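Following: one structure in structure tokens, then a few remarks.
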């Protein structure tokens, strides 16, 4: 790109793993070759997932370079859609629906419980960088209200016990992750999805 | 009878599999098309006869919409499915995608044939990772069988179908915003005309239908437009999936005949929970005006009857409210949603949704003023009909409905600084 401030060493291939590039390439193939913008949303989602759940100016510029579109086309998308985070968030983003159907079935209690267990308010990230609580609008799962989403997974028909189980499962996974980390040199390259039970 | 159309595989093991779908006659319509037994004119006639109306919310006759596509125009045309399910209270398309993806795929292939379009996009909301997985597996199965791809089953029909994902924006459920979003832009609605049938994705003719609409088509063509029409009532053909949520014992999706009594639908959902009394119902998603218990218990669930009662069938999202529901709180949640989701393009909607939300939240905090209610109603009226897309109306209508039917609850809260219901 022609942006003079752009650090040319920050090519997308240098900041996300090869499998992320391959995933983005699959999306690119879905659209007419002469159209460069359609894969922007998908590419940003993939990059965000591999960048600690949030986007930085550098990652957005790298996406723009990779897709051969102006930086502003990427900024425009990243700032419009609510699933993109432009500030640092937790490794586990907990999105709680507080729209009508979930409110009618106790979404406020879900939020309260999460806030007290994690010791943060909705909209905040825990000091250890693990959790962010976010309130979101209807996610089309009202039969299972109240519900929440952790990163890409829905949890429905929430009860106090269920929420505690979700949190303890995450904590257990984090312990395993730390164990794997201490035995591998290249610790930074470990993704949560690679830590299997 | 229930689950005869979009959910007709639901009783089978692995209802989402190709085997399950083929066992109920799936892809038989495509085979008839390939065999030259079904012309595009016949298909449009059958759809018109069936009285299938758009299941996304607007209720526009599907057969008529399909006839608008300029099939003989040279160049690319697109078939687009709106699976951006976001209308609060609606969760039916997610279940079609998860439990019967092949029927949506066949419906879109048929649309491609009718419109002479060789490419389709299924636009799913950004959180639908689980439905995406099911859809991708189903597409691979269909591709392997040559139901999609080039020269389908040896014919000269070509059709390729792609899943596209959003990233969190209610407005992308509006068809022109959805088209902008497929093009990789902000989801801001376009002026109409030109309509998508003339100027849609990448400036090419495009047909946009809801998931349930496309998925209804294979069943209609398999059993005939007359069969579908008779499931429902005149002008309101077929079945409809109602997503029942809120204060009921068994929330869920119920695919029933249009014209089913509301009281029967409520019984299917197990009745009002906790033995409480029914207070009111939002009959068609959060954009539809509320109906009080007396009205709703006496109506049937179809486009005309709900319209006559002063609301709309919308997306079929039925939100049930028991006697403990505070309407002011409900109004605040609703107003906040539209304020959050306004794309910001038109001043009446961008500013008006913020005003409505702030005024209602002020009342909720016990800081309401007597003149607030007239102001709310005036702001709502001034949004309506003054915006590019329907989001403005969708934001204003429910607020006007709450004020019309439950004004006393607002007045009580302004005067006593507490909820009339919750104390």
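Residue numbers (the working numbering), protein chains in the order written: chain A, 1096 to 1292; chain B, 132 to 554.
Using N, Cα and C, we set each Cβ at its ideal position, and we do this for glycine too.
Note that the structure is a prediction, hence the values are computed from the model and not measured.
Top-ranked residue by Cα proximity to residue i, from the options
i: residue 179 of chain B; options: B/352, B/320, B/164, B/473; result: B/352
i: residue 245 of chain B; options: B/542, B/397, B/377, B/338; result: B/338
i: residue 209 of chain B; options: B/366, B/300, B/434, B/328; result: B/328
i: residue 493 of chain B; options: B/549, B/476, B/514; result: B/549
i: residue 1053 of chain A; options: A/1185, A/1141, A/1135; result: For residue 1053 of chain A there is no data in the structure shown, the boundaries of chain A being 1096 and 1292.
i: residue 528 of chain B; options: B/517, B/512, B/165; result: B/512
i: residue 460 of chain B; options: B/427, B/449, B/554; result: B/554
i: residue 325 of chain B; options: B/249, B/336, B/507; result: B/336
i: residue 467 of chain B; options: B/516, B/417, B/177, B/451; result: B/417
i: residue 1253 of chain A; options: A/1275, A/1130, A/1241; result: A/1241
i: residue 257 of chain B; options: A/1176, A/1207, A/1264, A/1126; result: A/1176
i: residue 213 of chain B; options: B/340, B/509, B/322; result: B/340
i: residue 148 of chain B; options: B/317, B/211, B/230, B/406; result: B/230
i: residue 495 of chain B; options: B/525, B/195, B/463, B/476; result: B/463
i: residue 1182 of chain A; options: A/1148, A/1163, A/1270, A/1264; result: A/1148
i: residue 227 of chain B; options: B/540, B/311, B/487, B/383; result: B/383
i: residue 1105 of chain A; options: A/1115, A/1160, A/1126, A/1144; result: A/1160
i: residue 233 of chain B; options: B/207, B/222, B/274, B/217; result: B/274
i: residue 316 of chain B; options: B/330, B/322, B/298, B/323; result: B/298
i: residue 1143 of chain A; options: A/1168, A/1164, A/1188; result: A/1188
i: residue 515 of chain B; options: B/503, B/530, B/501; result: B/530
i: residue 348 of chain B; options: B/538, B/240, B/524; result: B/240
i: residue 1268 of chain A; options: A/1127, A/1171, A/1157, A/1186; result: A/1186
i: residue 509 of chain B; options: B/372, B/535, B/291, B/546; result: B/535
i: residue 96 of chain B; options: B/302, B/170, B/354, B/488; result: A question about residue 96 of chain B goes unanswered here, because the residues of chain B that appear run from 132 up to 554.
i: residue 249 of chain B; options: A/1151, A/1218, A/1127; result: A/1127
i: residue 1113 of chain A; options: A/1141, A/1231, A/1264, A/1236; result: A/1141
i: residue 1163 of chain A; options: A/1151, A/1133, A/1184, A/1276; result: A/1133
i: residue 1110 of chain A; options: A/1145, A/1217, A/1234; result: A/1145
i: residue 482 of chain B; options: B/502, B/500, B/507; result: B/507
Bounding residues of the alpha helix (DSSP H) (the contiguous stretch that carries residue i)
i: residue 264 of chain B; result: 260-275
i: residue 1155 of chain A; result: 1152-1162
i: residue 383 of chain B; result: Unbroken run through residue 383 of chain B is the beta strand (DSSP E), 383-388; no alpha helix (DSSP H).
i: residue 1264 of chain A; result: 1255-1278
i: residue 1108 of chain A; result: 1107-1110
i: residue 461 of chain B; result: 458-472
i: residue 396 of chain B; result: 393-399
i: residue 151 of chain B; result: 149-154
Chain B within 9 Å of residue i, Cβ atoms only
i: residue 1128 of chain A; result: no
i: residue 1125 of chain A; result: yes
i: residue 1235 of chain A; result: yes
i: residue 1193 of chain A; result: yes
i: residue 1168 of chain A; result: yes
i: residue 1253 of chain A; result: no
i: residue 1177 of chain A; result: yes
i: residue 1227 of chain A; result: no
i: residue 1287 of chain A; result: In this prediction, residue 1287 of chain A scores a pLDDT of 49, lower than 50, which makes its location untrustworthy; no coordinate-derived value is stated.
i: residue 1218 of chain A; result: no
i: residue 1185 of chain A; result: no
i: residue 1250 of chain A; result: no
i: residue 1238 of chain A; result: yes
i: residue 1165 of chain A; result: no
i: residue 1114 of chain A; result: no
Distance cut-off 8 Å: residue i Cβ against heavy atoms of the ligand SAM
i: residue 501 of chain B; result: The ligand SAM is absent from the structure shown, which contains no ligand whatsoever.
CB contact check: residue i to chain A, cutoff 9 Å
i: residue 413 of chain B; result: yes
i: residue 376 of chain B; result: yes
i: residue 489 of chain B; result: no
i: residue 289 of chain B; result: no
i: residue 186 of chain B; result: no
i: residue 133 of chain B; result: no
i: residue 225 of chain B; result: yes
i: residue 444 of chain B; result: no
i: residue 286 of chain B; result: no
Limits of the unbroken beta strand (DSSP E) element including residue i
i: residue 371 of chain B; result: 370-377
i: residue 1191 of chain A; result: 1187-1192
i: residue 255 of chain B; result: 250-255
i: residue 1243 of chain A; result: 1243-1245
Within the chosen definition, does the stretch 1222-1230 of chain A reach the stretch 1251-1260 of chain A through at least 3 CB pairs nearer than 8 Å? no
Contact between the stretch 373-383 of chain B and the stretch 264-276 of chain B is defined here as three or more beta-carbon pairs at a separation below 8 Å; is this criterion met? no
Taking a Cβ distance cut-off of 7 Å, strictly less, list which residues of the stretch 1192-1216 of chain A are near chain B, in chain order. 1194, 1195, 1196, 1198, 1199
Residues of the stretch 312-341 of chain B in Cβ contact with chain A at a cutoff of 8 Å, in chain order, please. 312, 313, 314, 315, 316, 317, 318, 333
Is it a yes or a no for the stretch 426-440 of chain B touching the stretch 1195-1215 of chain A, going by three-plus beta-carbon pairs under 8 Å? no
Looking at chain A, which residues of the stretch 159-184 of chain B have a Cβ within less than 7 Å of any of its Cβ atoms? none
Just by C-beta distance, which residues in the stretch 214-240 of chain B are closer than 9 Å to chain A? 216, 217, 218, 219, 220, 221, 222, 223, 224, 225, 226
Is there contact between the stretch 473-480 of chain B and the stretch 396-408 of chain B, where contact requires at least three CB pairs shorter than 8 Å? no
To be precise: take each residue of the stretch 448-466 of chain B, compare its Cβ to all Cβ atoms of chain A, and keep it if any distance is under 8 Å. Which residues remain? 448, 450, 452, 456, 460, 461, 464, 465
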